[in-house]
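Notes for the one structure printed next.
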Amino acid sequence: MSRSSGPLTISKSINFWESIWAEQGTKVPWARFSPEPLLVEYADQTKIRKALDIGCGHGIDASYLCSIGVQVDAIDISPTAIELARKVDKNTNYILNDFINHEFTNKYDFIYDRGYLGSCANKESCVKKVKLLLEENGKWLTLIGRKDGNVSGPSRYTLTETLSWVEQDFNIIEVTASVTLNNSNSEKISLWKTLLEKKK
Ligand SMILES: C[S@@+](CC[C@H](N)C(=O)[O-])C[C@H]1O[C@@H](n2cnc3c(N)ncnc32)[C@H](O)[C@@H]1O
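By the numbering used here, the letter at position 3 of the sequence shown is numbered 3, and the numbering carries on one by one without gaps.
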């Protein structure tokens with residue numbers, strides 16, 4: 001178990017995320033009711049066989065990947081989020097656990113996260129674990145909260161910060177300053193669309 005992902009850190013993390021999901025359900029501020037357009041755009045252009053969605057929340061993106069024929073594992077630390085996901089999607093393999101400590105049996109040609117890396121306390125462990133779980137030439141699409149003009153706050157980062165976490169282990173295929181919308185399409189969330197390929 002890594003130093004900063006010990007039992008105390010994990011239980012704090014569970015409490016933090018579970019309290020938000022338990023209180024707000026699908027009204028959490030970042031959630032969508034339709035799949036993330038940046039993921040759809042990628043999946044339209046690329047054949048994905050086996051995918052992992054990290055920090056899958058209520059499963060909207062994992063269930064989309066599953067619906068287009070991808071074999072999907074999806075993990076979240078919040079029991080409420082996983083319960084919500086399992087209710088609407090019986091075909092994705094939803095896993096209730098901490099990503100860093102979970103012992104995966106699969107490897108993937110595509111790993112996706114929308115907001116997990118940005119909010120993760122131990123970015124180094126996360127990046128190393130994603131690398132370990134990707135097949136050769138595997139791709140990682142990670143959507144990371146972007147510091148944007150006067151909008152800043154938790155889990156929002158500059159391009160320099162974002163690249164510093166990943167460039168040792170991944171080739172940068174694309175980084176684009178982008179936006180996403182939440183459920184009601186009322187709030188624009190600035191993010192880095194970051195597409196990475198595992199280094200050999
Ligand atoms: C910003 S939310 C994004 C949720 C979802 N991807 C979406 O776009 O709606 C981050 C998610 O990561 C989950 N999470 C946080 N720490 C985690 C961990 N250590 N292992 C697995 N999931 C985690 C949270 O419960 C939360 O659902």
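Quick reminder that beta carbons are idealized off the backbone N, C-alpha and C, glycines included. All figures in this text were calculated on a predicted structure; none of them were measured in a lab.
Spatial neighbours of Asp113 in its own chain (CB-CB distance under 6 Å, excluding positions within 5 residues in sequence) are listed in chain order as Ile54, Gly55, Thr142. According to DSSP, residue pairing for Lys193 in a beta bridge involves Leu143, Thr176. The alpha carbon of Leu65 has as its nearest neighbour, out of Ser78, Lys90, Ile173, the alpha carbon of Lys90. Relative to ligand 1, the beta carbon of Asp98 is positioned inside 7 Å of a heavy atom. The beta carbon of Thr162 sits closer than 6 Å to those of Ile144, Trp192, all from its chain and outside the five residues before and after it, given in chain order. Distances between the C-beta of Gly25 and the heavy atoms of ligand 1 are all 7 Å or more.
Within a 10 Å sphere around the beta-carbon of Arg32 sit 16 or more other beta-carbons, which makes this residue buried.
Excluding sequence positions up to five before and after Ser19, its CB lies less than 7 Å from no other CB in the same chain.
Between Leu52 and Ile111 a beta carbon distance of about 5 Å is seen, short of the 8 Å cut, so the two are scored as contacting. Here the alpha carbon of Phe104 sits roughly 10 Å from the alpha carbon of Ile75.
A residue is called buried when at least 16 other Cβ atoms come within 10 angstroms of its Cβ; Gly118 meets this threshold and is buried.
Here Gly57 is buried, its C-beta having at least 16 other C-beta atoms within 10 Å. With 16 or more other CB atoms across the displayed protein chains lying within 10 angstroms of its CB, Thr92 is buried. The closest heavy atom of ligand 1 lies less than 7 Å from the beta carbon of Ile75.
The alpha helix (DSSP H) runs of length 4 or more contained entirely in the region 17-100 are, from start to end of the chain, 37-45, 60-67, 79-88. Taken through DSSP and simplified to helix, strand or coil, Lys198 comes out as strand.
In this structure, the straight-line span from the alpha carbon of Pro37 to that of Ile60 is close to 12 Å. A direct Cα-to-Cα measurement between Tyr108 and Glu135 gives close to 6 Å.
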